[in-house]
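For what it's worth, numbering that gives the first Met the number 0 labels the leading residue of the sequence shown as 0, then goes sequentially.
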Amino acid sequence: MKYLKIIILFLVFCNLPSYFLVKANAAIGQLLSYSTFLLIIVYYFFSENKKPIVPFIVFGLLFFLISIIVSAQNDDGYLVTLIKYFIVIVMGASVVSDTTKEDIYIVLLLGCLSIIFESIFIEGIGGRYRGYYINPNAAGYACILGYSLSFSINNKKLKIIGQLLFSMAGFLTFSRTFLFIWILVNLISLLINYKNVYKILVGIVLFGLFLSFGDKLDLSTKRMHAFSGILEGKVNDDLKEESRTETWSHYYNQILNNPILGNGYHSFSGEIFGPEYNTYTVKNGVHNTFLMVIGEAGFFVLLYFLWIYGSFLINGIRMFHDNPVIFLVSFSLVMYMLTNHNYFENNLVLFVSMWLYIQIDLGKKVSEKKHVDLHQVKNYQVEYLNINAF
0 MKYLKIIILF LVFCNLPSYF LVKANAAIGQ LLSYSTFLLI IVYYFFSENK KPIVPFIVFG
60 LLFFLISIIV SAQNDDGYLV TLIKYFIVIV MGASVVSDTT KEDIYIVLLL GCLSIIFESI
120 FIEGIGGRYR GYYINPNAAG YACILGYSLS FSINNKKLKI IGQLLFSMAG FLTFSRTFLF
180 IWILVNLISL LINYKNVYKI LVGIVLFGLF LSFGDKLDLS TKRMHAFSGI LEGKVNDDLK
240 EESRTETWSH YYNQILNNPI LGNGYHSFSG EIFGPEYNTY TVKNGVHNTF LMVIGEAGFF
300 VLLYFLWIYG SFLINGIRMF HDNPVIFLVS FSLVMYMLTN HNYFENNLVL FVSMWLYIQI
360 DLGKKVSEKK HVDLHQVKNY QVEYLNINAF
């Protein structure tokens, strides 16, 4: 079961099915994709832990039911997406329950090495590297997830190596989202230990080196000049171009027209043309998970969705003293979801979401046990004092 779990984690957290689908052989990619879900099913039936994560099941039922009732105009792939989502949520929870932060950290570390490898040995990528993750922004999120987890790794060498590699690989993606979250995570980390300020300084130096040797690394010239302006205290027009807020604004009127029940399934997810291994975009999606939810399924489904992820942040704050990684991972996940709308097809995001839910649940149980034990000790002390008094 241990090896089966590791294989599933590699397939999910290194995005191997999509990578082979696009970069290698479509048949192999499809085989790996189906194998991922098949292995999750096998793991579930052999696992002793089959406890469902109810909030995600309820959310899935609400979203898929309401969105398809409102409009079935974009129902291509609806049933497949629904089945895959519930396989991951219902059965994948067994895999996630047995997964430690160290498991995820190591797998992500190997995934980020693919980004660095691509930057060194593969030419003609276009200056924004992505490794196994196909999309630079998705690669950036994988790096920031690993970086956030690094603050809880006890092995100092593994921790430092990971932080350097995740930062290096993240910078190579030239993702605005990665850079923004990386800065915020480092600022928050000062609350854990003020000595973490050195990581910010090392990151600035590392980023400066990338900009200095950008020509040799075949980095994106447009992004490189834009990001170099940040170090000079300026915001380049290239960073403003095609900003996420501009993309969101294209969908505001549709949200206001149907705020209660939304506009129907896949209405905010954009349009593509061609087979899945060779597609091009006809219309951009909303690039925001929360806007996608309200846009396709309405206000009340969004409220439920906000309750799930809002509770992650609130519990992360409450547990920050004992386990700061919960808040760091929750925060980075929510920030990434503000720039991405492929929630139901993104197994990495779903796995991280379930992992957070399980870790928070475990944290609450540990806290309750400590409270009960402390209460028992106090009662014992009171009884002991009363006996001695006589």
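By construction, the Cβ of each residue, glycine as well, lies at the ideal position given by its N, Cα and C atoms. From a predicted model like this one, the values you see are computed outputs, not experimental measurements.
Candidates THR176, GLY207, GLY309, of which the one nearest THR244 by Cα: In the sequence shown, the residue the question calls residue 244 occupies position 245. Of the candidates THR176, GLY207, GLY309, the one whose C-alpha sits nearest the C-alpha of THR244 is THR176.
Going by beta carbon distance, what residues of the same chain come within less than 8 angstroms of LYS364, once the five residues before and after it are set aside? Taking the first residue of the sequence shown as 1, we reach residue 364 at position 365. Taken in chain order, the list of residues that qualify is empty.
From this set, GLN29, ILE88, LEU109, PHE311, which residue's C-alpha is nearest ILE5's C-alpha? On the sequence shown, position 6 is the one that residue 5 refers to. Ranking GLN29, ILE88, LEU109, PHE311 by Cα distance to ILE5 puts LEU109 first.
Which of the three DSSP states is assigned to GLY261 in this structure? For this step, residue 261 is matched to residue 262 along the sequence shown. Coil at GLY261, not helix or strand.
DSSP three-state call for TYR276: helix, strand or coil? Translated into the one-based positions of the sequence shown, residue 276 becomes position 277. Residue placement at TYR276 is flagged as unreliable, the pLDDT there being 46, under the threshold of 50; a coordinate-derived value is accordingly withheld.
For the alpha helix (DSSP H) that CYS111 lies in, which residues bound it at each end? Here residue 111 is taken as the residue at index 112 of the sequence shown, counted from 1. Segment 100-120, the alpha helix (DSSP H) holding CYS111.
How far does the alpha helix (DSSP H) with LYS83 in it extend, from its first residue to its last? Translated into positions along the sequence shown, residue 83 becomes position 84. LYS83 -> alpha helix (DSSP H) spans 77-85.
Can you tell me whether LYS100 sits near the ligand GDP, meaning its C-beta is under 7 angstroms from at least one heavy atom of the ligand? Questions concerning the ligand GDP fall outside what the structure shown contains, since it holds no ligand whatsoever.
Grab me the residues of LEU337's own chain with a C-beta within less than 6 angstroms of its C-beta, minus the 5 sequence neighbours each way, in chain order. Here residue 337 is taken as the residue at index 338 of the sequence shown, counted from 1. Cβ neighbours of LEU337 beyond the five flanking positions: ASN287.
Near PHE19, what residues of its chain come up, given a Cβ to Cβ distance below 7 angstroms and the 5 sequence neighbours on each side ignored? Within the sequence shown, numbered from 1, the residue matching residue 19 stands at position 20. Counting only Cβ-Cβ distances below 7 angstroms, and skipping sequence neighbours, we find ILE27, GLY28, LEU31.
Three-state secondary structure assigned by DSSP to GLU344: By 1-based counting over the sequence shown, the position of residue 344 is 345. Coil.
Taking C-alpha atoms, which residue in VAL57, ASN185, SER66 lies nearest to GLY294? Position 295 of the sequence shown, counted from the start, is the residue given in the question as residue 294. Among VAL57, ASN185, SER66, the Cα nearest to that of GLY294 belongs to SER66.
Please go through the same chain and pick out, in chain order, the residues whose beta-carbon is closer than 7 angstroms to the beta-carbon of SER331, but skip the five residues on each side of it. Residue numbering aside, residue 331 sits at position 332 when the sequence shown is read from its first letter. So the list reads ILE143, LEU144, SER147, ILE180, VAL184, once near-sequence residues are dropped.
Which residues in the same chain as VAL94 place their Cβ atom closer than 7 angstroms to its Cβ, once the five residues preceding and following it in sequence are excluded? Counting from 1 along the sequence shown, the entry for residue 94 is found at position 95. Within the same chain, VAL94 has close Cβ partners LYS4, ILE7, ILE39, TYR42.
Taking the alpha-carbon positions, what's the MET0 to SER151 distance? For the purposes of this step, residue 0 is taken as the residue at position 1 of the sequence shown. For the purposes of this step, residue 151 is taken as the residue at position 152 of the sequence shown. Here the alpha carbons of SER151 and MET0 stand approximately 25 angstroms from one another.
Below 8 angstroms on the Cβ atoms is my guess for VAL87 versus LEU349; work out the distance and round it to an integer in Å. Looking up residue 87 in the sequence shown gives position 88. Looking up residue 349 in the sequence shown gives position 350. Confirmed, about 5 angstroms.
State the Cα-Cα distance for the pair ASN283 and GLY76, rounded to the nearest angstrom. Against the sequence shown, residue 283 aligns to sequence position 284. Against the sequence shown, residue 76 aligns to sequence position 77. Using only the alpha carbons, I get a separation of about 18 angstroms.
Exposed or buried, what is GLY309 when buried is set at 16 or more other beta-carbons lying within 10 Å of its beta-carbon? By one-based count along the sequence shown, residue 309 stands at place 310. Exposed: under 16 other Cβ atoms inside 10 Å.
Nearest neighbour of ASN48, chosen from ASN322, ASP97, GLU367 [CA to CA]: As a first step, residue 48 must be located in the sequence shown, where it is residue number 49. Cα-wise, what sits closest to ASN48 is ASP97.
From the DSSP output, in three-state form, read off PHE12 for me. The residue labelled residue 12 in the question sits at position 13 within the sequence shown. In the structure shown, PHE12 sits in a helix (DSSP, three-state: H, G or I).
Would you call the CB atoms of PHE62 and VAL333 closer than 8 angstroms? Within the sequence shown, residue 62 is the residue found at index 63, counting from 1. Within the sequence shown, residue 333 is the residue found at index 334, counting from 1. In this structure, VAL333 does not lie closer than 8 angstroms to PHE62 by Cβ.
At the level of alpha carbons, what is the spacing between TYR84 and SER352? If you number the sequence shown from 1, residue 84 lands on position 85. If you number the sequence shown from 1, residue 352 lands on position 353. Those two C-alpha atoms are separated by around 13 angstroms.
In this structure, does DSSP put TYR42 in helix, strand or coil? To locate residue 42, count along the sequence shown from 1; it is residue 43. If DSSP states are grouped into helix, strand and coil, TYR42 belongs with the helices.
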